[in-house]
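Everything on this sheet refers to the single structure shown next.
Numbering (our numbering), first residue to last: 9 to 247.
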């Protein structure tokens, strides 16, 4: 039974909330066994020290710890810290090879040999095994070898996008929260639908159906794409 906890300003969990969420040793409750952390979360980086605080609570209660590292390499690029600094506080770590790293698909799971053996078996039971996957593995290896350092380019473009949008009248952007490749924008409350419709006419399609939108920079975008995005929003804001 999953139990979601609120995240703090840095995207991380409060150790006190983790402690309070662990179920008592009572047959009326499910047994708490696993703490799942995510880094980055909402584009925000939690430092290794933050992860260690949360992990310490889990260890005290005898829980295993999993780190969802879908965008872990963005944290690496933003801080200059090695991935091992973030991963060392978890029993298992998943790492997405697409998203910012640019592979066509794929996620890898790392952990102790016995856990990986069980994971392979569960994957087989659930029909997740693949054949002739070598070309995907090759793409993943290329991504890890060549596309980690270039994540800094995504971060720089995201920052430029965030600053440009923050300068528009009625647009709400928390620049302190723009740490990696995501920017969250609050559009003017009385005009957000018209703004989204106008930028859509310029080829910029944004889902979500609310005035709060998320924009993400990735390997497929260049400086010209950021310029065109800003221009589309500037024109929409002026109408």
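Even for Gly, the Cβ is constructed at its ideal location relative to N, Cα and C.
Exposure label - residue 94; buried when at least 16 CB within 10 Å
Buried, because 16 or more other Cβ atoms sit within 10 Å of the Cβ of residue 94.
In the DSSP output, what is residue 52 paired with across the bridge?
49
Complete beta strand (DSSP E) runs within the stretch 22-47 (minimum length 3 residues, chain order):
42-46
N-terminal and C-terminal residue of the beta strand (DSSP E) that residue 212 is part of:
Residue 212 -> no beta strand (DSSP E), and no H or E assigned at all.
Can you tell me the Cβ-Cβ gap for residue 116 and residue 105, rounded? I've got them flagged as a contact below 8 angstroms.
7 angstroms
Going by Cα to Cα distance, which pick from 11, 144, 107 and 149 is closest to residue 41?
11
Round the Cβ separation of residue 206 and residue 171 to the nearest angstrom and send it over; I've been treating them as touching at under 8 angstroms.
So it is not a contact: roughly 21 angstroms between Cβ atoms.
In terms of residues, what are the limits of the beta strand (DSSP E) holding residue 116?
115-118
I need the DSSP call for residue 57, collapsed to helix, strand or coil.
helix
Mapping DSSP to helix, strand and coil, what is residue 77?
strand
Quick one, which of 23, 130, 224 and 199 has its alpha-carbon nearest residue 168's?
224
From residue 24 to residue 241, what does the alpha carbon distance come to, in whole angstroms?
42 angstroms
Excluding the 5 residues flanking residue 58 on each side, which residues of the same chain have their C-beta closer than 8 angstroms to its C-beta?
Excluding sequence neighbours, residue 58 sits near 18 and 20.
Nonlocal neighbours in the same chain, by C-beta distance under 8 angstroms from residue 29, ignoring five residues either side
Take residue 29, set aside five residues on each side of it, and the residues of its chain with a beta-carbon closer than 8 angstroms to its own are 11, 13 and 40, in chain order.
Which residues in the same chain have their Cβ closer than 6 angstroms to the Cβ of residue 113, if we skip the five residues on either side of it in sequence?
106
What are the boundary residues of the beta strand (DSSP E) that includes residue 194?
That run of the beta strand (DSSP E) goes 190-194.
Sequence ranges, alpha helix (DSSP H) only - wholly within the stretch 87-155, length at least 4:
91-95, 121-133 and 142-154
In this structure, what does DSSP give as the bridge partners for residue 224?
190
Tell me, please, which residues DSSP counts as bridged to residue 237.
The bridge partners DSSP lists for residue 237 come to none.
Counting C-beta neighbours from all protein chains within 10 Å, is the total for residue 130 16 or more, i.e. buried, or is it exposed?
exposed
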